[in-house]
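Residue numbering for the sequence shown follows my numbering, beginning at 586 and increasing consecutively. Note that beta-carbon positions come from the ideal geometry of N, C-alpha and C, so glycine has one too. Accompanying notes for the structure given below.
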Amino acid sequence: MSDPRGATRTRTGEDAGRYLREHEREFRRLTEHANEVFWIGDPRRFGTVYANAAFEEVWGRPREELYENPETLLESIHPEDRERVVDAVENEIERGGFDETYRIERPDGELRWIHGRAFLVEDENGEIDAVVGIAVDVTERKRIGKQLRRERDLTRRILDTCPVTILVIDAERTITFGNERMNEVMGAEDIAGTPLSEVPWTIYEDGEPVPAGRRPFDMIREREEPIYDLQYPARINGRHRWLSINGVPLYDDGEFDGAVFAVEDITDRKRREQALSTVHEVTNRMMRAGSGEEVCELAVAAATELLSVSRAAVYAFDSETHALRPAARSPAAREFVETRSRIDDGSPIWEAFVDGETRVVDGDPATAVIPIGTHGTLVVPADRTAAFDGETLSLARLLCDDAEAALDRTEREATLREQGETLRQANEELGRLTHVTDIMRSVTQAIVRADSREGITSTVCEQLAAADPYRFAWIGEVVDGEIEPEAWSGIPESYLGELDVSVEADDSAAARSARTGELAVDRALLEDRDADRRTDALSWNYQSVAAVPLAHRGRRYGVLCVYADRADAFGERERAVLCELGETIGYALDAMETRNAVASDGVTELRLRIRDPEFAPQRLADEGCRIEHRGLVPRSDGTSRWFVTAAGVTPERMDELVAGVDRIETARSIVEADALYELTIRPPTRGEKPCLFDETVEHGGRVGSMTATTEEVTFTVEIPTESAVRRFIESLRSDYRNVELVGRHDHDHPTTAREGRRGWLATELTDRQREILQVAYYSGYFEDPRETTGAEISEQLGINRSTFHRTLRAAERASFAALLD
């Protein structure tokens, strides 16, 4: 690029130099304050000799960088534009200059658009002396232009995709613009330039074409104000449609210049409105229906009208058969329903009901299935091809939703009626229960005053038989598998004499109660399948009976049978009261027996033999060894420590044997040399067979000795009273096979000294101290020599040695006090 002063080389001397300097200062003053970038290049050095301050603002680089590195300008050009710009620069001599728009990248990463122009400057010889360029930042202009194009394109897309027809009509009633929707509504593809009078459509009002002066364009022109949602029935190319017309006037310099209209085809909306009106009317009728059957009939009638079909049916869900059954149908759907009288698992209709989804099932015919909640489905066989479009199914779903609500209402009302009846019955039962409770209170008071078993049983029967709700009552005791009446009232003895109730074979309430130990009820004897029981009920004027077990602490004392003169006489609450009465009677009989046992001067020692592989001691015995009972120590948590000897059984083998016995949880070897073991017995679970120790304790006795082999178990027990002896043997025989009474010995004078010592120990020692002492005794601690040490017993019980020894000293004090005081 040449020196700016080269243009005035012909001048000589000081005036010429001053002239050039003034012009250079003026040039710089002008360019340094310009917003455009001015630059001068030297073509001989391929560099820039001058750039104004705007370069730094636009390029974001110092001018010195441009002076030092001529490539800076090209390197800043965006890579996508660089080749084009370089080509233009290389050809600027041929083209006489440079004019390009391109992008640059500033050091901070910002992109800017530049419009650059360059001009060639020649000297007096026609040689290129310099290149002068101007670069303008057109980034903002580019952004505005892009935005305008986007807005123009968006406006066009909006007009073309608008769901309504947009028309512009000038003041001469000529259509000047129509969007792409005009063909759908107007029936013509391109009507721009068409007079409004030639458009192939006619709008109607009150059944007649709208006259001039009342047409939408005339109304806007006359009123000079917009019109909104004017709805007209119209005929367009022979088709009947409904149109909604909105329009606003256009003005030019205050003069009316035409109007813009938005015309919408609302035929489908009008059809839906009519359908919704029909649905609304049907819904009101369904909500007033008196039954579910009526709701289904209304739903079928509405479906045929709304869906323009002749066949429709409602299938209701039958919870008992777990299937869909016809509940209502149109006359034309008779054959369809008769061939599908039950719809269940595997059917597409059933699957749609279970999934709760509307479906069109393919077939001949195609069938629409619309669930009605959990009540059933509306089934509509098609009358023609493609009968079920989205709008049709939508109306059907709406109808079924309303039918579901109506069926919910009828169910709620039915439930309320049932609840009202239930409440009435509950009030009656409550009144009866209050009366029964008063009776039970009187019975309980009478039981307290009774002084014998016979007094208790007879008092109970008399009180119940005299009460208004009941006809008669009797109490029976189980003897040798038969229920033998021992007390009764309100019924002759001759009736009871004819009773033959086997606990195992009979199915009467008394037998079931004695067999299961739970309350049993025969609710409607006049409907009983047993002819004899029906005859007895008619003869003695009763219809229901409740049998209540008499038991306490697992000990059964018989069955109480109460008879009523009406069916279903014993409600849930009354049954609970009777069960409580049975427990009270059982407690009273148990207490009476206990008092008799304490007052008795004798005790019965029984020697028994059991041969039953399921009997726990026999299952525990191993081949070639015998299990010997040493003692039993109950624990506060309900478990018991059972001490046995098992000669010839190793601890490992004992663990294997214990694993086969349900009630025994663990086994621990105490003295391996003497084969002394401690077994842990857990308490029985509900319904589980009791063990021998449970049976003995329940009947007030204790186990004396026991020997168990794999063949049999022999043992002795002491039972205090005769009645307890009988029940104890019966209880064993009901629980185990091959129970044999080997011997019996009645002691008139039991060893009161031993009982006395036990009484002293019971008062002087806590339960824990007594357990520690018993464990020490049965573990051989007091043997000479000792079979176990105090440290071993302390570890066994989980206590420290000082606690063990304190317990021993307490036992010694109690024992010596019992002997010496």
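Quiz item: Any idea which residues DSSP pairs Gln636 with across the strands?
Solution: Within the sequence shown, residue 636 is the residue found at index 51, counting from 1. Correcting the residue type first, residue 636 is Ala in the shown sequence and not Gln. Answer is Trp624.
Quiz item: Glu1397 by DSSP, collapsed to three states: which one?
Solution: For this step, residue 1397 is matched to residue 812 along the sequence shown. Glu1397: helix per DSSP, three-state reduction.
Self-check item: Whole-angstrom distance between His865 and Glu790, CA atom to CA atom
Solution: Along the sequence shown, read from residue 1 onward, the residue named residue 790 stands at position 205. Along the sequence shown, read from residue 1 onward, the residue named residue 865 stands at position 280. If I take the Cα positions, the gap works out to 27 angstroms.
Self-check item: 8 angstroms Cβ cutoff met for His825 and Pro818
Solution: Along the sequence shown, read from residue 1 onward, the residue named residue 825 stands at position 240. Along the sequence shown, read from residue 1 onward, the residue named residue 818 stands at position 233. Yes, the Cβ-Cβ distance between His825 and Pro818 is below 8 angstroms.
Self-check item: DSSP state of Arg1140 mapped onto helix, strand, coil
Solution: Numbered from its first residue, the sequence shown carries residue 1140 at position 555. Here Arg1140 sits in strand by DSSP.
Quiz item: How about Ile1170 and Ala1201: do their beta carbons lie closer than 8 angstroms?
Solution: Start at 1 with the first residue of the sequence shown, and residue 1170 comes out as number 585. Start at 1 with the first residue of the sequence shown, and residue 1201 comes out as number 616. Contact flag unset, no.
Quiz item: Quick one: any contact between the region 851-863 and the region 876-886, if contact means 3 or more CB pairs under 8 angstroms?
Solution: no
Quiz item: Do three or more CB pairs link the region 678-696 to the region 633-645 at distances below 8 angstroms?
Solution: yes
Quiz prompt | Cα-Cα separation, Gly598 to Arg667 | solution = Taking the first residue of the sequence shown as position 1, residue 598 is located at position 13. Taking the first residue of the sequence shown as position 1, residue 667 is located at position 82. Unreliable placement is indicated for Gly598, whose pLDDT of 47 sits below 50; no coordinate value is reported for it.
Quiz item: Tell me the DSSP bridge mates of Arg914?
Solution: As a position in the sequence shown, residue 914 is number 329, starting the count at 1. Paired residues: Ala898.
Quiz item: Just curious, the beta strand (DSSP E) that Ile729 is in, first and last residue?
Solution: As a first step, residue 729 must be located in the sequence shown, where it is residue number 144. From DSSP, Ile729 is part of no beta strand (DSSP E) but of the alpha helix (DSSP H) over Thr724 to Thr746.
Practice problem: Just grab the DSSP bridge partners of Leu1317 for me. | Solution: Taking the sequence shown and counting its residues from 1, the one referred to as residue 1317 is at position 732. In DSSP, Leu1317 forms no bridge with anything.
Exercise. Would you decide whether Ala619 is buried or exposed? Buried here means 16 or more other CB atoms lie within 10 Å of its CB.
Key: Position 34 of the sequence shown, counted from the start, is the residue given in the question as residue 619. Looking at its Cβ environment, which holds fewer than 16 other Cβ atoms inside 10 Å, Ala619 is exposed.
Quiz item: Any idea what DSSP makes of Tyr1408, helix, strand or coil?
Solution: Given a span of 586 to 1406 for the chain in the structure shown, any question on residue 1408 remains unanswerable.
Self-check item: Exposure label - Glu1280; buried when at least 16 CB within 10 Å
Solution: Position 695 of the sequence shown, counted from the start, is the residue given in the question as residue 1280. Looking at its Cβ environment, which holds 16 or more other Cβ atoms inside 10 Å, Glu1280 is buried.
Exercise. Pull up the DSSP beta-bridge partners for Cys1146, would you.
Key: For the purposes of this step, residue 1146 is taken as the residue at position 561 of the sequence shown. Paired residues: Trp1059 and Ala1132.
Quiz item: Among residues of its own chain, excluding the 5 on either side of Val753, which ones have a beta-carbon nearer than 6 angstroms to its beta-carbon?
Solution: What you label residue 753 is simply residue 168 of the sequence shown in a count that begins at 1. Hits under 6 angstroms: Thr761, Phe762 and Val845.
Self-check item: Separation of Arg1114 from Leu1104, as counted between CA atoms
Solution: Taking the sequence shown and counting its residues from 1, one reaches residue 1104 at position 519. Taking the sequence shown and counting its residues from 1, one reaches residue 1114 at position 529. So the two alpha carbons sit approximately 21 angstroms from each other.
Exercise. Scan the region 764-840 and note each continuous alpha helix (DSSP H) run of 4 residues or more that stays entirely inside, going in chain order.
Key: 767-771 and 801-808
Practice problem: With a 10 Å radius around its C-beta and 16 neighbouring C-beta atoms as the bar for buried, classify Ala1058 as buried or exposed. | Solution: The sequence position of residue 1058 within the sequence shown is 473, counting from 1. Classification for Ala1058: buried.
Self-check item: 6 angstroms Cβ shell around Gln816 - same chain, five flanking residues per side excluded
Solution: On the sequence shown, residue 816 is found 231 positions in, with the first residue counted as 1. Once the five neighbours on either side are set aside, the close Cβ partners of Gln816 are Ser829.
Practice problem: Taking only runs that begin and end inside the region 914-938, name each unbroken alpha helix (DSSP H) of 4 or more residues, in chain order. | Solution: 919-923
Quiz prompt | For Arg1196, the three-state DSSP class (helix, strand or coil) | solution = To locate residue 1196, count along the sequence shown from 1; it is residue 611. If DSSP states are grouped into helix, strand and coil, Arg1196 belongs with coil.
Practice problem: Please report how far the alpha carbon of Arg1192 lies from the alpha carbon of Leu1145, in whole angstroms. | Solution: The sequence position of residue 1192 within the sequence shown is 607, counting from 1. The sequence position of residue 1145 within the sequence shown is 560, counting from 1. Rounded to the nearest angstrom, the two C-alpha atoms are 33 angstroms apart.
Quiz prompt | Those residues which DSSP pairs with Glu1067 across a bridge | solution = Locating residue 1067 in the sequence shown gives position 482, counting from the first residue. DSSP output for Glu1067 lists Val1064 and Ser1087 as bridge partner(s).
Quiz item: Residues in its own chain within less than 8 angstroms of Thr943 by CB, not counting five upstream and five downstream?
Solution: Here residue 943 corresponds to residue number 358 of the sequence shown, with the count starting at 1. Taken in chain order, the residues that qualify are Ala937, Ala953, Val954, Ile955, Pro956, Leu978, Ala981 and Arg982.
Quiz item: In the structure shown, what three-state DSSP assignment does Tyr1262 receive?
Solution: Counting from one through the sequence shown, the residue named residue 1262 turns up at place 677. Of the three classes helix, strand and coil, the one that applies to Tyr1262 here is strand, per DSSP.
Quiz item: What residues in its chain sit with their C-beta under 7 angstroms from that of Glu890, if we drop five residues either side in the sequence?
Solution: Here residue 890 refers to the residue found at position 305 when the sequence shown is read from its first residue. Thr863, listed in sequence order.
Practice problem: On a CA-only basis, which of Asp708, Gly792, Pro933 and Thr759 is nearest Thr779? Give me that one, please. | Solution: Residue mapping note: residue 779 aligns to position 194 of the sequence shown, counting from 1. Among Asp708, Gly792, Pro933 and Thr759, the Cα nearest to that of Thr779 is on Thr759.
Exercise. Within the same chain, show all residues whose beta-carbon is closer than 7 angstroms to that of Arg1407, passing over the 5 residues directly before and after it, in chain order.
Key: Absent from the structure is residue 1407, since the part of the chain shown begins at 586 and ends at 1406.
Practice problem: Give the range of the alpha helix (DSSP H) segment to which Val1033 is assigned. | Solution: Translated into positions along the sequence shown, residue 1033 becomes position 448. Start and end: Gly975 to Arg1034.
Quiz item: Between Ile1076 and the rest of its own chain, which residues show a CB-CB distance below 6 angstroms, the 5 nearest in sequence each way excluded?
Solution: Here residue 1076 refers to the residue found at position 491 of the sequence shown. Cβ neighbours of Ile1076 beyond the five flanking positions: Phe1057.
Self-check item: Local conformation of Ala1376 per DSSP, three classes
Solution: Stepping through the sequence shown from its first residue, residue 1376 is reached at position 791. Three-state DSSP puts Ala1376 in a helix.
Quiz item: With 16 as the cutoff for other CB atoms within 10 Å, does Asp842 come out buried or exposed?
Solution: Taking the sequence shown and counting its residues from 1, the one referred to as residue 842 is at position 257. Classification of Asp842: exposed, given that the 10 Å Cβ count is below 16.
Self-check item: Coarse secondary structure for Ser1254, derived from DSSP in three states
Solution: Against the sequence shown, residue 1254 aligns to sequence position 669. In the structure shown, Ser1254 sits in a strand (DSSP, three-state: E or B).
Self-check item: Assigned secondary structure, Asp714 (DSSP; H/G/I helix, E/B strand, else coil)
Solution: Counting from one through the sequence shown, the residue named residue 714 turns up at place 129. Correct three-state label for Asp714: strand.
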